[in-house]
Amino acid sequence: MLSPARLTLNRARFALPRPLVPFLRTELLAGLLVALALIPEAIAFSIIAGVDPRVGLFASFIMACSIAFLGGRPAMISAATGAMALVVAPLVASHGVGYLLAATIAAGLIQVVLAFTGIAKLMRFIPRSVLTGFINALAILIFMSQVPYFWGESWAVWAMVGGGLVVIVGLPYLTRAVPSPLVAIAGLTIVTIAFGIAVPNVGGEGELPSGLPWVALPDVPLSLGMIATIAPYAVALAAVGLLESLMTAKVVDDATDTRSNKNREAAGQGIGNVLVGFFGGMASCAMIGQTMINVKSGARSRLSTFSAGLFLLVLVVVFGGVVAQIPMAALVAVMIFVSAVTFDWHSIKPKTLRKMPISETIIMVVTVVTTVVTHNLAVGVGAGVIVAMVAFARRVAHLVEVTSVTDPDGSTEIYAVTGQLFFAASNDLVHFFDYDGDPDKVIIDLSDAHVWDASAVSALDAIEEKYAARGKTVEIIGLNRPSADLHGELSGTLTSAH
12 MLSPARLTLN RARFALPRPL VPFLRTELLA GLLVALALIP EAIAFSIIAG
62 VDPRVGLFAS FIMACSIAFL GGRPAMISAA TGAMALVVAP LVASHGVGYL
112 LAATIAAGLI QVVLAFTGIA KLMRFIPRSV LTGFINALAI LIFMSQVPYF
162 WGESWAVWAM VGGGLVVIVG LPYLTRAVPS PLVAIAGLTI VTIAFGIAVP
212 NVGGEGELPS GLPWVALPDV PLSLGMIATI APYAVALAAV GLLESLMTAK
262 VVDDATDTRS NKNREAAGQG IGNVLVGFFG GMASCAMIGQ TMINVKSGAR
312 SRLSTFSAGL FLLVLVVVFG GVVAQIPMAA LVAVMIFVSA VTFDWHSIKP
362 KTLRKMPISE TIIMVVTVVT TVVTHNLAVG VGAGVIVAMV AFARRVAHLV
412 EVTSVTDPDG STEIYAVTGQ LFFAASNDLV HFFDYDGDPD KVIIDLSDAH
462 VWDASAVSAL DAIEEKYAAR GKTVEIIGLN RPSADLHGEL SGTLTSAH
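Residue numbering for the sequence shown follows the working numbering, beginning at 12 and increasing consecutively.
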């Protein structure tokens, strides 16, 4: 029996926004628009992975519906993606769909375990320049993925893409009652059917399913050989999926000025992929393109995510014949618009580039170029983070200062070291001292420094050895507690390195 206070709390937690009708209209129409955009994407990613279109479509349906309840970022869309398809393509080619499903389930379990270890906390180590590069690279990849649908096609396709963009951009100036991309898709579909215009359509991308997905175990042998085969793919899927999902969640956080539960999102992604695998789908994760469609359409709740998955299933199973007639040019117009609004144009303005430190610009460019060249967001972000680490280490290393003063009686030289002592700074530290000219007693004051690693301890040992070789003594003072503990534990054990 719930207490009145607990009952009130539960009602507040699940209360729907007011007014209800505008909220439902916005969320459901945004979900419908996302579902329409998901269909050709899911089919295309299925082809990349080397599987039947049903595998990608069912994966998108299961993941979108499950993550709506399990995820930590409302309004974010998760489904079959190109990055995950690229990871599993070699596995499908060599071992078949059964191994793909087993790898998907294993990847989901790994993601759940990582979620409970607090993997989301690692997001704090991804610099802003890497995030900007991630967003810009995604925008470029979204646009590039649409080029084959209109480049080299007839004038009618170009005209439809142009007309669709005019409607998408112009309609909001007249009314926002219905998402302009949805109006563009409906309008161009009606025009195509009414005038019998022969242009590529959704039906030409692949056969749409006619039935519902069913639960089944992957058709693979339960053996150590099978586990060894899927293990590297499962780990790669888990890593790529979490990286893309958590980065996308961060983008939505910034776009909506809200916070999300990243650990819950990681666990939700894992459970969702386990369900996807048992329902015969391919590994899935967050989709930045469809998420931006959802958010830009005004969606802010889990209802839009759930309705996107539900509409997807209804559209391909019940209204497959109608959906097949949608011209690809209409969806191309939507995705080009999404790529344009996703790109951070402020980041490449001349004024911004002049004010931004050159290292930050290099980090962003490396992230963008690596991602676009490899078509792998994980590789691009990893490259950006590595460059950021190197740039940070170099910057901090140059902040170390050493000043010296001689006692009035001339018997003691006192060196004051300021800064962070670690591997990048320690190599130059030994060159700040006058080993031959200093008096017999030297004091090194580290009150304003911190010893971080074995390299710094080794450098201090090397300094003491150089003075000792000249018959002089060194006293190190001012160590804070962590630095003193590390120095006491390692000092004298690293001298063989010199």
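The beta carbon of each residue, even a glycine, is placed where N, CA and C say it ideally should be.
Taking C-alpha positions only, LEU102 is separated from THR302 by approximately 28 Å.
Residue pairing by DSSP puts PRO338 in a beta bridge opposite ASN212. The count of Cβ pairs closer than 8 Å, one atom from the region 304 to 311 and one from the region 39 to 57, reaches three, so the stretches are in contact. Closest option to VAL66, judged by alpha-carbon separation, among VAL333, ILE121, SER458, GLU218: GLU218.
Put simply, the backbone Cα of GLN280 is about 52 Å away from that of PHE443.
Ranked by how close their Cα comes to the Cα of GLY489, the residues GLY482, GLU500, HIS461, GLU476 have HIS461 in first place.
Excluding its 5 nearest sequence neighbours in each direction, LEU125 has C-beta neighbours in its own chain below 8 Å: ALA249, LEU253, ALA277, GLY281, listed in chain order. Of the residues LEU432, ASP420, PHE433, THR414, the one whose Cα lies closest to the Cα of TYR426 is THR414. As DSSP reads the structure, ASP456 sits in a beta bridge with ALA427, ILE488. Ranking LEU49, VAL262, ARG365 by CA distance to the CA of PHE354 puts VAL262 first. For SER415, there is no enclosing alpha helix (DSSP H); the enclosing beta strand (DSSP E) covers residues 412 to 417. Beta-bridge partners assigned by DSSP to ALA297: SER89. Between the beta-carbon of VAL327 and that of PRO220 there is about 6 Å, and that keeps the pair under the 8 Å contact cut. Assigned with DSSP and collapsed to three states, HIS461 falls in strand. In this chain, the alpha helix (DSSP H) harbouring ILE58 covers 31 to 60.
Bounds of any alpha helix (DSSP H) do not take in MET367, whose DSSP letter is neither H nor E.
Taking 7 Å as the cut-off, the Cβ atoms of VAL158 and PRO338 do not count as close. The DSSP-derived three-state label of LEU125 is helix. When only Cα atoms are considered, VAL123 and LEU68 end up about 23 Å apart. For ASN147, the enclosing alpha helix (DSSP H) begins and ends at 139 to 161. Between THR378 and the set ILE137, ILE474, ALA436, the nearest pair of CA atoms involves ILE137.
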